[in-house]
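Peer 1: Counted from 1, the sequence shown has number 31 at position 31 by full-length UniProt numbering; the numbering is strictly sequential. C-beta atoms are modelled at their ideal positions from N, C-alpha and C, and glycine is treated no differently. Would you mind keeping the following structure in view while I ask a few things?
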Amino acid sequence: MEELTITKLDGTKQTVSEINGAYLLDVIDSGPQPSTTYEQIAGSDGNIDNGTTFGTRNITAKFYLDAKDYIDYTLAQKETWQALFDYDPYYITWSRMPGIRFLVHIKPFEFSSISQMSGTFDIDFEAFKGFGESVGRTDEDSIDMDSEVWQMVGQGFVLDKDLVYTNIPGNSFKIFNAGDITIDPRKHDLTISIQGIGTPTLKNLTTGDLFTYNKSLSAGDVLTIDGVYPLLNGAHCGRDTNHGLLTLLPGWNQISLTGLNNPVSTFGFRFLYK
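Here's what the structure looks like:
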């Protein structure tokens, strides 16, 4: 049976089937909504391409509501409103793609009565970020076939390689981005932590992105790049860096971490999907 799950920002979850008499019939994802901006120059042919962004996408969930009598039907309607309407956005996932979630706001909807004790309703969710993201996060959830937060098919994983993102030893390794959108810390959630003794230089050889810390790390120090903010043991230290940032392309990214003895690193992010 199809199932749709709501996950609030505080982590609480509810499946729509928990609403008495509610059954999910179908979920229709409108897909990516690209929007390209053009600039016209007087006296010149055509337009200048100023780039494409992805706008809000619509996800429609179709439901059937069945009750014992008209009183239960009215109560089930109220329970549905209580479960689905909120001031804050929340995440939705559904059973066909359980490893990918969308942050949404719900639009108003009405019930269409079939009888005094049954009816249907269609809900339009606005996925305002324009893309989906993995339920799992690489520094919190191990990627394996038995995991409940990953789906091994349809999420872009390579099945013949071990994908490691935490406590990575050494100064040369690969990071796999299973999504189809580049992870850019200026726009997306990315946390990189580095430990070791020495003056670290972190480079994505695939993209050419370079981050350097100009002072020395000691044993027990943790250098973190949290989005665009470098932190040493939790304190801002951007003035001691080259202000560089690393992006992660879809697929394999060859990473080098030099200047440290006994280097260990962790990459934490969610995969993003069009």
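1) Apply the 10 Å Cβ neighbour rule to V27 and answer buried if 16 or more other Cβ atoms are within range, or exposed otherwise.
2) Please list the terminal residues of the continuous beta strand (DSSP E) segment that includes Q82.
3) Rounded to whole angstroms, how far is the Cβ of G119 from the Cβ of F125, which I believe are closer than 8 Å?
4) When you compare only the Cα positions, how much space is there between K13 and Y73?
5) Consult DSSP for G238 and reduce its assignment to one of helix, strand or coil.
6) What beta strand (DSSP E) runs, 3 residues minimum, are completely inside the region 151-218?
7) I need the straight-line Cα distance from N253 to L75, nearest angstrom please.
8) In terms of alpha-carbon separation, which member of I225, N214, P200 and G55 lies closest to L190?
9) Quick check on the DSSP output: the beta strand (DSSP E) that includes residue 328 runs from which residue to which?
10) How big is the Cα-Cα spacing for K187 and F267?
11) Assuming I123 and F102 make a contact with CB atoms under 8 Å, what is their CB distance in whole Å?
12) Throw me the rounded Cβ distance for the V149 and G196 pair, which I believe falls under 8 Å.
13) Report the rounded CA-to-CA distance for Y91 versus D45, giving the unit in angstroms.
14) Taking 8 Å as the threshold (C-beta atoms), are L217 and G198 in contact?
15) Taking the alpha-carbon of A83 as reference, which of G234, V16 and G11 has the nearest alpha-carbon?
16) Contact check, E116 vs Y70 under 8 Å by CB: the rounded distance?
17) Report yes if the C-beta distance between D49 and Y38 is below 8 Å; otherwise report no.
18) Based on DSSP bridge pairs, tell me the residues matched to Y64.
19) Mind checking who N261 pairs with in its DSSP beta bridge?
20) Ignore the nearest five residues each way along the sequence and tell me which others in K129's own chain have a CB closer than 6 Å to its CB.
21) Here's the rule: buried if 16 or more other CB atoms are within 10 angstroms of the residue's CB, otherwise exposed. What is Q40?
22) Terminal residues of the continuous beta strand (DSSP E) containing M97?
23) State yes or no: is the C-beta of F176 within less than 8 Å of the C-beta of V158?
Peer 2: Based on what the coordinates show:
1) As a working mapping, residue 27 is identified with position 27 in the sequence shown. V27 comes out buried.
2) What you label residue 82 is simply residue 82 of the sequence shown in a count that begins at 1. From DSSP, Q82 is part of no beta strand (DSSP E) but of the alpha helix (DSSP H) over Y70 to L84.
3) Residue numbering aside, residue 119 sits at position 119 when the sequence shown is read from its first letter. Residue numbering aside, residue 125 sits at position 125 when the sequence shown is read from its first letter. Going by Cβ atoms, the distance from G119 to F125 rounds to 20 Å, so no, they are not a contact pair.
4) Position 13 of the sequence shown, counted from the first residue, corresponds to residue 13. Position 73 of the sequence shown, counted from the first residue, corresponds to residue 73. Using only the alpha carbons, I get a separation of about 23 Å.
5) Numbered from its first residue, the sequence shown carries residue 238 at position 238. In the structure shown, G238 sits in a helix (DSSP, three-state: H, G or I).
6) 172-177, 190-204 and 209-212, all fully within the region 151-218.
7) One-based indexing of the sequence shown puts residue 253 at position 253. One-based indexing of the sequence shown puts residue 75 at position 75. Near 53 Å, if we compare the C-alpha coordinates of L75 and N253.
8) Within the sequence shown, residue 190 is the residue found at index 190, counting from 1. Cα-wise, what sits closest to L190 is I225.
9) Residue 328 cannot be examined here, being either before or after the span of the chain that is shown, 1 to 274.
10) Working through the sequence shown from its first residue, we reach residue 187 at position 187. Working through the sequence shown from its first residue, we reach residue 267 at position 267. Those two C-alpha atoms are separated by around 16 Å.
11) Position 123 of the sequence shown, counting from 1, holds the residue named residue 123. Position 102 of the sequence shown, counting from 1, holds the residue named residue 102. Distance from I123 to F102 at the Cβ level is roughly 13 Å; contact not present, criterion being Cβ atoms closer than 8 Å.
12) Translated into positions along the sequence shown, residue 149 becomes position 149. Translated into positions along the sequence shown, residue 196 becomes position 196. The beta carbons of V149 and G196 sit about 30 Å from each other, so the pair does not count as a contact at 8 Å.
13) To locate residue 91, count along the sequence shown from 1; it is residue 91. To locate residue 45, count along the sequence shown from 1; it is residue 45. Distance from the CA of Y91 to the CA of D45, rounded to the nearest whole angstrom, comes to 45 Å.
14) Working through the sequence shown from its first residue, we reach residue 198 at position 198. Working through the sequence shown from its first residue, we reach residue 217 at position 217. In this structure, L217 lies closer than 8 Å to G198 by Cβ.
15) Within the sequence shown, the letter at position 83 stands for residue 83. Ranking G234, V16 and G11 by Cα distance to A83 puts V16 first.
16) Your numbering for residue 116 matches position 116 in the sequence shown. Your numbering for residue 70 matches position 70 in the sequence shown. For the record, residue 116 in the displayed sequence is Gln; it is not Glu. Confirmed, Cβ separation roughly 4 Å.
17) Residue 49 sits at position 49 when you count from the first residue of the sequence shown. Residue 38 sits at position 38 when you count from the first residue of the sequence shown. At a Cβ-Cβ threshold of 8 Å, D49 and Y38 count as neighbours.
18) Numbered from its first residue, the sequence shown carries residue 64 at position 64. Bridge partners of Y64: Y23 and T120.
19) The count along the sequence shown starts at 1 and reaches residue 261 at position 261. Looking at the DSSP output, N261 bridges to I197.
20) Locating residue 129 in the sequence shown gives position 129, counting from the first residue. Excluding positions up to five away in sequence, the list reads L103.
21) Here residue 40 corresponds to residue number 40 of the sequence shown, with the count starting at 1. With a threshold of 16 other beta carbon atoms within 10 Å, Q40 falls short and is exposed.
22) Translated into the one-based positions of the sequence shown, residue 97 becomes position 97. Its beta strand (DSSP E) spans residues M97 to I106.
23) Residue numbering aside, residue 176 sits at position 176 when the sequence shown is read from its first letter. Residue numbering aside, residue 158 sits at position 158 when the sequence shown is read from its first letter. Yes, Cβ-Cβ distance for F176 and V158 is below 8 Å.
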